[in-house]
C-alpha cells in the first residue's frame, strides 16, 4: 500500500533521513520506533508532503507521491495525525471532525456517507460526543488526541499516519489511545505508527522498523523485534 | 446638541468605511500573516471602475440607482480579480520563501503601479460620482441624514456579516478558518492552502472596492482618494486588533467619530491627531488591539 524507497529528507541543508526505506502492507499496522531526534516525525512529514523530500520515492497505491503538495496527497487517501495533535482551536469539535472529510465533501474524493462516518467516529470517542459544540482549543490534551485521530479517520484513509499519539498523556489515557489503535487494527485500517513507547507500539503492531540517526538499523515482525536483545537494551529498557 | 449629533452621524459613516477596509486587512492577515499595503489603491480602483460603469449605464438611459446596483457586481468581481493578482505576483513568492519583508515592498510597489494606472486612465482631477440616491438629506430629530450615509452603514455591515456567515456555515468557509488556525494542519485536511490565501486576498480587495463605491458618491472620486483612507484603516486594524471582526467596526467608529469631533470643535487641521494618538496608546499598552485575542493553544 505504502512503500518508501531511499528517502532523503530534512530541513534546508540539514539532512535528517539518509536513504530510508520501509513498507506498509495493506491492512497492517507498522510501527517506526527510535530515540528522540532519530527522524521518526521527519519521516511522516516527508511522506505526507508537509516537507519536500530531497530524493527517493514514496509510492502510495502504485503512484509516486514524492514532492506532491500535502493537500494533493491527502486527496489520494493519506491521513496524517501530526505530532502535537494540531487541532483547529477556534473551531468546534464537530467542525474539526468534519474538516477531516474535506476532500469527500468537496468532490475531491468519493463521498460515501459522511454523516454515518461522523456518527460512528463520535461514538468511538465518547468524550468528543459530550463536547461536540465546544471549541477544540478548550479540550484537554487527551481529548485533543482523540479529536486528531477522529479527524484523520474522517478521510476514510487508505493509509493512516499516527505521530506520537501518546505524547504528553497521563498513563491511563495512553492505554486508551492504544486500545483505540487496536480497534482500528481489528477494523483493518492500514497504519504507520510512530511512537516513543516502543514496547506498547511493538505489542500492538504487526511489523516494526527501528530508526537510528536517519537510517533503519533493524526491522522485522513486531514479535521478533521485541525479543531482539539489542532492541530490548536500547528501546525497551533493561527491566523488560 | 444637534451639532453634536450631526457630527456623530458623519463620523459613523466614515468610520464604517474605515471598518470595511480594515476588515479587508484582517482577512489576509488571518490566513497568511501578511497584509496588502495597496488596500487604499484597491479602494481607488473599485471606485473608479464603479464610476465608469455607472456613467456608461446612465448614458444608456438607466436611472442612477439602477445603474449603481447593476455596477456593483462588476466592481466586486473586479475587486476579487485585482486582489488575486496582488497575491499571485506580490505575495506568493514571499510566503513561499518565508521572507519577512518581501511582501511589504511588493504590495506597496503594486499599489503605486495601480495608482499610476488609475492616473493615466482616469486622469489626475477628481471626478463627480453620480449619486444613486437622493442627495437631499432626510431630517430626523433635527439631524440631517444623507441617504448615502445610511447606505454606507448598511452596505458595510452586510458585507461583514456575509463573510462571517460564509465562514461559519459553509465547509469552504470552515476551510478558511482552519487555514487561519494552522496552515500546515489545514493542508493535511486536503485544503489547498495557497488557494485559500489567494482567495483571502481577493476578498480583501473586494472589501476595499466595495468601500470605494460606497464612499465615492459622497466624496470626490479620483486616483488619490484611497491612500489616506487605506492608511487610516490600517490604524483602525491595529486599534481594533487584527483578529477581531467586532474590533474593526468599533475601531472604525472610534476613529471616524473622533476625527469629526476634533474637526468641528477644535480644528480640521488636527482632525487626524486623536486617532493617531489612540493608535500609539494602543500599541504601547495593548499591542494585540483593543479586541485582539491571543490564540488559544494547548500542547
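Protein chains in written order, with my numbering: chain V, 6 to 245; chain B, 23 to 321. Just so you know, even glycine gets a beta-carbon here, dropped at the ideal spot from N, CA and C.
Contact with chain B by residue i, beta-carbon distance below 8 Å
i                      : result
residue 91 of chain V  : yes
residue 233 of chain V : no
residue 108 of chain V : yes
residue 113 of chain V : yes
residue 28 of chain V  : no
residue 76 of chain V  : yes
residue 124 of chain V : no
residue 135 of chain V : no
Within chain B, partners of residue i - CB distance below 7 Å
i                      : result
residue 53 of chain V  : 210
residue 105 of chain V : 211
residue 87 of chain V  : 207, 210
residue 100 of chain V : 196
Burial state of residue i, where buried means 16 or more other Cβ atoms lie within 10 Å
i                      : result
residue 58 of chain B  : buried
residue 328 of chain B : Past the edges of chain B, shown from 23 to 321, lies residue 328 of chain B, and the structure says nothing about it.
residue 115 of chain B : exposed
residue 171 of chain B : buried
residue 136 of chain B : buried
residue 234 of chain V : exposed
residue 63 of chain B  : buried
residue 319 of chain B : Confidence at residue 319 of chain B is low in this model, with a pLDDT of 39, below 50, so the placement of that residue is unreliable and no value is reported for it.
residue 120 of chain B : exposed
residue 117 of chain V : exposed
residue 191 of chain V : exposed
residue 78 of chain B  : exposed
residue 188 of chain V : exposed
Chain V contact residues for residue i, given Cβ-Cβ distances below 8 Å
i                      : result
residue 220 of chain B : Correct list: empty, because the minimum Cβ distance to chain V is about 14 Å.
residue 215 of chain B : 76
Chain V residues whose Cβ lies nearer than 7 Å to that of residue i
i                      : result
residue 200 of chain B : 93, 96, 104
Listed by chain order, chain B residues near residue i by CB distance under 9 Å
i                     : result
residue 80 of chain V : 212
Chain V contact residues for residue i, given Cβ-Cβ distances below 9 Å
i                      : result
residue 240 of chain B : Correct list: empty, because the minimum Cβ distance to chain V is about 37 Å.
residue 197 of chain B : 104, 107, 111
CB contact below 8 Å: residue i versus chain V
i                      : result
residue 193 of chain B : yes
residue 203 of chain B : yes
Whole-angstrom C-beta distance between residue j and residue i, which should lie under 8 Å
i                      : j                      : result
residue 68 of chain B  : residue 230 of chain B : 6 Å
residue 339 of chain B : residue 80 of chain V  : In the structure as shown, chain B begins at 23 and stops at 321. Residue 339 of chain B is therefore absent and cannot be evaluated.
residue 262 of chain B : residue 44 of chain B  : 7 Å
residue 39 of chain B  : residue 260 of chain B : Wrong, their Cβ atoms sit about 17 Å apart, outside the cutoff.
residue 178 of chain B : residue 236 of chain B : 7 Å
Contact list for residue i against chain B, beta-carbon separation under 8 Å
i                     : result
residue 59 of chain V : Chain B residues near residue 59 of chain V: none, gap ~17 Å exceeds 8 Å.
Assess, as a yes-or-no matter, whether the segment 188-206 of chain B is touched by the segment 89-100 of chain V under the definition of 3 or more beta carbon pairs within less than 8 Å.
yes
Using 8 Å as the cut-off, can you tell me whether the segment 11-24 of chain V makes contact with the segment 50-58 of chain V, which would need three or more C-beta pairs spanning the two stretches below that distance?
yes
Any 3 or more C-beta pairs closer than 8 Å across the segment 145-160 of chain B and the segment 217-226 of chain B
no
Decide yes or no for the touch test of the segment 70-78 of chain B against the segment 137-154 of chain B: beta carbon pairs closer than 8 Å, at least 3 of them.
Yes: the two stretches touch, three or more of their Cβ pairs being nearer than 8 Å.
Taking 8 Å as the cut-off, does the segment 202-213 of chain V touch the segment 223-234 of chain V (at least 3 CB pairs, one atom from each stretch)?
Yes, the segment 223-234 of chain V is in contact with the segment 202-213 of chain V.
Given 8 Å as the limit, is there contact between the segment 24-36 of chain V and the segment 211-226 of chain V, that is, 3 or more CB pairs closer than that?
yes
With a threshold of 8 Å, are at least 3 pairs of Cβ atoms found where one atom belongs to the segment 147-159 of chain V and the other to the segment 176-189 of chain V?
Cβ pair count under 8 Å is three or more, so yes.
Quick check: the segment 109-129 of chain V against the segment 157-174 of chain V, are there 3 or more CB pairs under 8 Å?
yes
Please determine if the segment 185-204 of chain V and the segment 38-47 of chain V are in contact, where contact requires at least 3 C-beta pairs separated by less than 8 Å.
yes
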